[in-house]
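Participant:
Protein chains: 2
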Amino acid sequence: MAVETNSAASRVARGRGKRADALRNIEAIIDAATRLLAVDPDASVNEIAKAAGVGRVTLYGHFDSRTALIREVAQRAIHNTSEVLATIDVEGDPREALGRLLEATWRLTHRYGAVVIAGSQALAPEDLRRVHDEPATRILALLARGRDVDEFRADVPIEWQVSVIQAILHGASGAVHRGEITGAEAPTLVRDTVIAALAP
Amino acid sequence: MAVETNSAASRVARGRGKRADALRNIEAIIDAATRLLAVDPDASVNEIAKAAGVGRVTLYGHFDSRTALIREVAQRAIHNTSEVLATIDVEGDPREALGRLLEATWRLTHRYGAVVIAGSQALAPEDLRRVHDEPATRILALLARGRDVDEFRADVPIEWQVSVIQAILHGASGAVHRGEITGAEAPTLVRDTVIAALAP
DNA sequence: AATAAACTGTACGTCGTAGTTCGAGTTAGC
DNA sequence: GCTAACTCGAACTACGACGTACAGTTTATT
Chain P
1 MAVETNSAAS
11 RVARGRGKRA
21 DALRNIEAII
31 DAATRLLAVD
41 PDASVNEIAK
51 AAGVGRVTLY
61 GHFDSRTALI
71 REVAQRAIHN
81 TSEVLATIDV
91 EGDPREALGR
101 LLEATWRLTH
111 RYGAVVIAGS
121 QALAPEDLRR
131 VHDEPATRIL
141 ALLARGRDVD
151 EFRADVPIEW
161 QVSVIQAILH
171 GASGAVHRGE
181 ITGAEAPTLV
191 RDTVIAALAP
Chain D
1 MAVETNSAAS
11 RVARGRGKRA
21 DALRNIEAII
31 DAATRLLAVD
41 PDASVNEIAK
51 AAGVGRVTLY
61 GHFDSRTALI
71 REVAQRAIHN
81 TSEVLATIDV
91 EGDPREALGR
101 LLEATWRLTH
111 RYGAVVIAGS
121 QALAPEDLRR
131 VHDEPATRIL
141 ALLARGRDVD
151 EFRADVPIEW
161 QVSVIQAILH
171 GASGAVHRGE
181 ITGAEAPTLV
191 RDTVIAALAP
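Protein chains in written order, with the working numbering: chain P, 1 to 200; chain D, 1 to 200.
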């Protein structure tokens with residue numbers, strides 16, 4: 001599903017009726033762009049096109065500009081993130097809830113990584129704030145509840161704890177990319193380490 | 001006649017023989033470059049020159065290329081890092097020793113930050129490995145000793161623990177730059193959080 | 001005060017990347 | 001099997017950053 005890709009497209013009236021190979025290429029481009037931008041937010045259009053198995057000109061046939069492509073990638077990432085996080089139950093025992101939230105967030109962080117950085121040069125500030133605030137407030141609320149019932153330490157700033165969680169998630173992603181740990185053991189390590197760091 | 005007795009030699013001559021204002025400017029350039037590159041490893045030569053209060057051409061009068069400047073900055077950072085870390089006593093109670101090591105490393109991380117990333121595009125791979133290995137092995141040895149006497153948990157890979165420490169240090173630096181915490185409280189937060197994350 | 005070293009801005013050539021145009025070749029779909 | 005949609009590479013413009021050359025001015029040093 002998801003056959004959109006032209007929500008804000010300011011091109012000529014050519015909305016629907018795209019050919020199958022075109023749609024396939026568009027998907028391949030967005031896919032490759034997501035993969036490359038997650039590692040290097042400055043990946044060139046040429047690199048993205050080659051990774052997608054198409055020519056540079058073909059890419060420009062589907063996206064008005066590099067910025068437009070990044071915007072599309074970022075918006076998909078945002079949408080997918082919201083979607084995944086909405087399914088996570090943050091009620092019940094704070095420690096277990098945080099574990100569930102971390103496991104899901106880990107996957108998203110590892111998949112999207114530096115896409116946020118790339119997006120910060122292409123997205124409107126308001127959209128950008130939503131990207132950061134949505135997951136942050138979710139964790140923030142859970143953290144606050146856990147601190148109230150003394151499951152998490154409350155003698156350090158809560159914003160610092162959020163930063164620590166983000167740092168560990170990001171660090172784990174880098175460690176996997178460098179081959180220091182495997183993608184399979186990462187979720188457990190992240191969960192255990194964060195819980196330990198927040199323990200009272 | 002023979003007005004250029006040492007025109008070619010003066011180019012290569014380093015250190016002595018330079019005028020006082022030249023030496024002052026060289027310091028200012030290295031200083032500004034360190035400050036900018038620590039935040040943005042892609043800072044342009046123009047930005048660095050302006051931040052140093054000199055013209056772009058003046059900068060090129062002292063450094064053959066952008067790469068040469070980065071190499072100088074990186075080597076200073078390496079030297080300073082080795083120097084500082086050499087004074088840290090890593091004996092005695094592992095937890096306290098780690099605290100001392102973290103406090104020193106924090107200052108270095110916050111000061112140099114992304115200089116390593118900039119250097120990775122300009123330094124020889126061998127030099128680059130030294131930069132990473134020297135602090136890492138120091139922490140590694142301390143970690144191993146602490147695990148042996150059960151002061152640090154030993155049920156997770158030790159390389160992961162090193163990654164966590166680096167992630168928290170880097171995250172703290174970012175948090176200070178974003179204004180979420182102050183530079184004054186950072187060392188304590190880093191120390192407490194890392195100790196908690198490693199506690200058995 | 002004289003001189004050489006150092007600084008400045010402007011302007012030029014080069015290179016890599018973004019974005020466009022064109023003509024010709026493929027391919028999906030009716 | 002026809003046609004429009006799609007793809008491709010090569011060549012072009014535009015732009016910013018690096019690096020260099022020049023000519024004029026300031027400043028440290030003797």
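C-beta: ideal position from N, C-alpha, C; glycine also.
(1) Check each residue of the segment 48-60 of chain D: if its Cβ is closer than 9 Å to any Cβ of chain P, include it; give the result in chain order.
(2) What is the residue span of the alpha helix (DSSP H) that Q75 of chain D lies within?
(3) Are the segment 123-134 of chain P and the segment 155-174 of chain D touching by the rule of at least three beta carbon pairs closer than 8 Å?
(4) Using only alpha-carbon positions, find the residue among D:A197, D:A154, D:R111, D:R147 that is nearest to V183 of chain D.
(5) What residue does the alpha helix (DSSP H) around T58 of chain P start on, and which one ends it?
(6) Please classify P157 of chain P: does DSSP put it in a helix, a strand, or coil?
(7) Identify whether R19 of chain D lies in helix, strand or coil by the three-state DSSP scheme.
(8) By the 10 Å Cβ neighbour count, where 16 or more other Cβ atoms means buried, how is Q166 of chain D classified, buried or exposed?
(9) Going along chain P, which residues have a C-beta under 7 Å from P157 of chain D?
(10) CB-CB under 7 Å to I139 of chain D, same chain, minus the five flanking residues each way: which ones, in chain order?
(11) Considering only C-alpha positions, which residue in the set D:D133, D:A196, D:E91 is nearest to A78 of chain D?
(12) Determine whether the beta carbon atoms of L98 of chain P and L142 of chain P lie at a separation below 8 Å.
(13) As a quick exercise: from D:T58, D:Q121, D:D64, pick the residue whose alpha carbon is nearest that of D21 of chain D.
(14) Do V45 of chain P and R66 of chain P come within 8 Å of each other at the CB atom, strictly closer than that value?
(15) Quick one: using the 10 Å Cβ neighbour count with 16 as the cut-off for buried, is L123 of chain P buried or exposed?
(16) Is the beta carbon of I181 of chain P less than 8 Å from the beta carbon of P135 of chain D?
(17) Of all the options P:T34, P:V54, P:E47, which has the alpha carbon lying nearest to the alpha carbon of A74 of chain P?
(18) What's the C-alpha gap between P200 of chain P and V176 of chain D?
(19) Show which residues of chain D have a CB atom less than 9 Å away from the CB atom of Q121 of chain P.
(20) Determine, using beta carbons only, whether H132 of chain D comes closer than 8 Å to chain P.
(21) So with CB distances below 7 Å, who are the chain D contacts of L210 of chain P?
(22) Starting from D127 of chain D, trace the alpha helix (DSSP H) in both directions and tell me its first and last residue.
(23) So, at 7 Å on beta carbons, what are the nonlocal neighbours of R76 of chain P in its own chain, with the 5 sequence-adjacent residues on each side left out?
(24) Which word fits S173 of chain P, buried or exposed, when buried means at least 16 other C-beta atoms lie within 10 angstroms of its C-beta?
(25) Any beta carbon from chain D within less than 8 Å of Q247 of chain P's own beta carbon?
(26) What in chain P is Cβ-close to V164 of chain D, meaning under 8 Å?
(27) In chain order, what residues of the same chain have a beta carbon less than 8 Å from the beta carbon of A144 of chain D, not counting five sequence neighbours either side?
(28) Can you list the residues of chain D that A104 of chain P reaches, using a CB-CB cut of under 8 Å?
(29) With DSSP as the reference, label P200 of chain P as helix, strand or coil.
Facilitator: In terms of the structure at hand:
(1) Listed by position along the chain: nothing, the set is empty.
(2) For the purposes of this step, residue 75 of chain D is taken as the residue at position 75 of the second sequence. Residues 66-86.
(3) No, they do not touch.
(4) For the purposes of this step, residue 183 of chain D is taken as the residue at position 183 of the second sequence. The sequence given here places Gly at residue 183 of chain D; Val does not occur at that position. The shortest CA-to-CA distance from G183 of chain D to any of D:A197, D:A154, D:R111, D:R147 is the one to D:R111.
(5) Counted from its first residue, the first sequence places residue 58 of chain P at position 58. Run containing T58 of chain P: 56-62, per the alpha helix (DSSP H) assignment.
(6) As a working mapping, residue 157 of chain P is identified with position 157 in the first sequence. Annotated three-state conformation of P157 of chain P is coil, per DSSP.
(7) To locate residue 19 of chain D, count along the second sequence from 1; it is residue 19. Coil at R19 of chain D, not helix or strand.
(8) For this step, residue 166 of chain D is matched to residue 166 along the second sequence. Buried, since its Cβ has 16 or more Cβ neighbours within 10 Å.
(9) Locating residue 157 of chain D in the second sequence gives position 157, where the first residue counts as 1. Result: I181.
(10) Here residue 139 of chain D refers to the residue found at position 139 when the second sequence is read from its first residue. So the qualifying residues of the chain are L101, V162, I165.
(11) As a working mapping, residue 78 of chain D is identified with position 78 in the second sequence. Checking the sequence shown, residue 78 of chain D turns out to be Ile, not Ala. In terms of CA proximity to I78 of chain D, D:D133 leads the group D:D133, D:A196, D:E91.
(12) Position 98 of the first sequence, counting from 1, holds the residue named residue 98 of chain P. Position 142 of the first sequence, counting from 1, holds the residue named residue 142 of chain P. Against a cut-off of 8 Å, the Cβ pair of L142 of chain P and L98 of chain P comes out as a contact.
(13) Looking up residue 21 of chain D in the second sequence gives position 21. The option with the nearest alpha carbon to D21 of chain D is D:T58.
(14) On the first sequence, position 66 is the one that residue 66 of chain P refers to. On the first sequence, position 45 is the one that residue 45 of chain P refers to. Contact check for R66 of chain P against V45 of chain P passes: the beta carbons are separated by less than 8 Å.
(15) Here the question's residue 123 of chain P lines up with position 123 in the first sequence. Buried, since its Cβ has 16 or more Cβ neighbours within 10 Å.
(16) In the first sequence, counting from the first residue as 1, residue 181 of chain P sits at position 181. In the second sequence, counting from the first residue as 1, residue 135 of chain D sits at position 135. With contacts defined as CB atoms closer than 8 Å, I181 of chain P and P135 of chain D fail to qualify as a contacting pair.
(17) Stepping through the first sequence from its first residue, residue 74 of chain P is reached at position 74. A74 of chain P has its Cα closest to that of P:T34, out of P:T34, P:V54, P:E47.
(18) On the first sequence, residue 200 of chain P is found 200 positions in, with the first residue counted as 1. On the second sequence, residue 176 of chain D is found 176 positions in, with the first residue counted as 1. As the crow flies, the alpha-carbon of P200 of chain P is around 24 Å from that of V176 of chain D.
(19) Along the first sequence, one-based indexing puts residue 121 of chain P at 121. Chain D residues near Q121 of chain P: none, gap ~12 Å exceeds 9 Å.
(20) Residue numbering aside, residue 132 of chain D sits at position 132 when the second sequence is read from its first letter. So no, H132 of chain D is outside the interface.
(21) Nothing can be reported for residue 210 of chain P, as the shown portion of chain P is limited to 1 through 200.
(22) Along the second sequence, one-based indexing puts residue 127 of chain D at 127. From DSSP, the alpha helix (DSSP H) with D127 of chain D extends over 125-148.
(23) To locate residue 76 of chain P, count along the first sequence from 1; it is residue 76. Closer than 7 Å at the Cβ level, and outside the excluded window around R76 of chain P, lie I30.
(24) By one-based count along the first sequence, residue 173 of chain P stands at place 173. Buried, because 16 or more other Cβ atoms sit within 10 Å of the Cβ of S173 of chain P.
(25) No answer is possible for residue 247 of chain P: the residues shown for chain P start at 1 and end at 200.
(26) Here residue 164 of chain D is taken as the residue at index 164 of the second sequence, counted from 1. Neighbourhood of V164 of chain D in chain P, by CB distance below 8 Å: I168, G171, T193, in chain order.
(27) By 1-based counting over the second sequence, the position of residue 144 of chain D is 144. If we look at A144 of chain D and ignore the five residues flanking it on each side, its Cβ neighbours are I158.
(28) Within the first sequence, residue 104 of chain P is the residue found at index 104, counting from 1. Counting only Cβ-Cβ distances below 8 Å, A104 of chain P has no contacts in chain D at all, with the closest Cβ about 19 Å away.
(29) Position 200 of the first sequence, counted from the start, is the residue given in the question as residue 200 of chain P. Coil at P200 of chain P, not helix or strand.
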